[in-house]
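Notes to accompany the following structure.
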Amino acid sequence: MRGLVMLQETPIIALKKYIIENNVASESELMSIDKKIDEVTKDAVEFADASPCPPRSQLLENVFADPKAKKASYAARDPITALKKYTIENNLASESELKVIDKKIDEVIDDALELADASPHPPRSQLLENVFT
Numbered sequence: 001m002r003g004l005v006m007l008q009e010t011p012i013i014a015l016k017k018y019i020i021e022n023n024v025a026s027e028s029e030l031m032s033i034d035k036k037i038d039e040v041t042k043d044a045v046e047f048a049d050a051s052p053c054p055p056r057s058q059l060l061e062n063v064f065a066d067p068k069a070k071k072a073s074y075a076a077r078d079p080i081t082a083l084k085k086y087t088i089e090n091n092l093a094s095e096s097e098l099k100v101i102d103k104k105i106d107e108v109i110d111d112a113l114e115l116a117d118a119s120p121h122p123p124r125s126q127l128l129e130n131v132f133t
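Numbering follows the numbering used here, in which position 16 of the sequence shown is assigned residue number 16; successive positions increment by one, without gaps.
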């Protein structure tokens, strides 16, 4: 049995370095985002812990639901849209600032996709390396 190879740098740390190095956001902005994510996550966990489990009939409704209605339901609960709304309502950023951030995110993703497309595939022998379960 092979031992696990520990990564020197997590993907999150690598992404944060990339964001700072490419002036997508400052370190203080990333820290502010991390703090907000921690707060929202804590609130979500507390809410989930306090909420009762839905009845079986409600669970089955999800299985037989109309896909279009389901998509609309998901769109109404989209966390990215909710975060943008929260950010604007609490004067953390303007809509134009969020559009600039969205554009920078799209650029980062496009750069990553170009790099991935240009990179050779790893050998099959590395297929299960750095896979954690």
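Note that the Cβ used here is the ideal one computed from N, Cα and C, for glycine as well.
Discussion item. Given this structure, state the Cα-to-Cα distance separating Ala112 from Tyr18, to the nearest angstrom.
Written reply: Residue numbering aside, residue 112 sits at position 112 when the sequence shown is read from its first letter. Residue numbering aside, residue 18 sits at position 18 when the sequence shown is read from its first letter. About 11 Å.
Worksheet item: Which two residues bound the contiguous alpha helix (DSSP H) that contains Leu98?
Response: Walking along the sequence shown from the start, residue 98 turns up at place 98. It spans 95-118 - the alpha helix (DSSP H) in which Leu98 sits, taken as one unbroken run.
Worksheet item: Helix, strand or coil for Phe47 per DSSP?
Response: Here the question's residue 47 lines up with position 47 in the sequence shown. Residue state, collapsed to three classes: helix.
Discussion item. Given a cut-off of 9 Å on the beta-carbon distance, is the pair Val108 and Asn22 in contact?
Written reply: For the purposes of this step, residue 108 is taken as the residue at position 108 of the sequence shown. For the purposes of this step, residue 22 is taken as the residue at position 22 of the sequence shown. Contact: yes.
Fill in: DSSP state of Pro11 mapped onto helix, strand, coil
Reading the sequence shown from its first residue, position 11 is the one you call residue 11. Of the three classes helix, strand and coil, the one that applies to Pro11 here is helix, per DSSP.
Practice prompt. Specify, as a first and last residue, the run of the alpha helix (DSSP H) that Glu89 falls within.
Written response: Along the sequence shown, one-based indexing puts residue 89 at 89. Annotation: the continuous alpha helix (DSSP H) that includes Glu89 extends over 79-89.
Fill in: Euclidean distance between Cα positions of Lys42 and Ser32
Against the sequence shown, residue 42 aligns to sequence position 42. Against the sequence shown, residue 32 aligns to sequence position 32. Distance between the alpha carbons of Lys42 and Ser32: 15 Å.
Worksheet entry | Buried or exposed by the 16-neighbour rule on C-beta atoms within 10 Å, applied to Lys99 | On the sequence shown, residue 99 is found 99 positions in, with the first residue counted as 1. With fewer than 16 Cβ atoms within 10 Å of its Cβ, Lys99 is classed as exposed.
Worksheet item: So with Cβ pairs under 9 Å, would you call Asp43 a contact of chain D?
Response: The structure shown contains no chain D, having only a single protein chain.
Practice prompt. Could you name the residues of the same chain whose beta carbon sits closer than 6 Å to that of Lys70, not counting the 5 residues immediately before and after it, in chain order?
Written response: Position 70 of the sequence shown, counting from 1, holds the residue named residue 70. Within the same chain, no residue comes within 6 Å of Lys70 by CB-CB distance, once the 5 residues on both sides are set aside.
Fill in: Contacting residues, own chain, Cβ-Cβ under 8 Å from Leu115 (five flanking each side not counted)
Position 115 of the sequence shown holds residue 115. Excluding sequence positions up to five before and after Leu115, its CB lies less than 8 Å from no other CB in the same chain.
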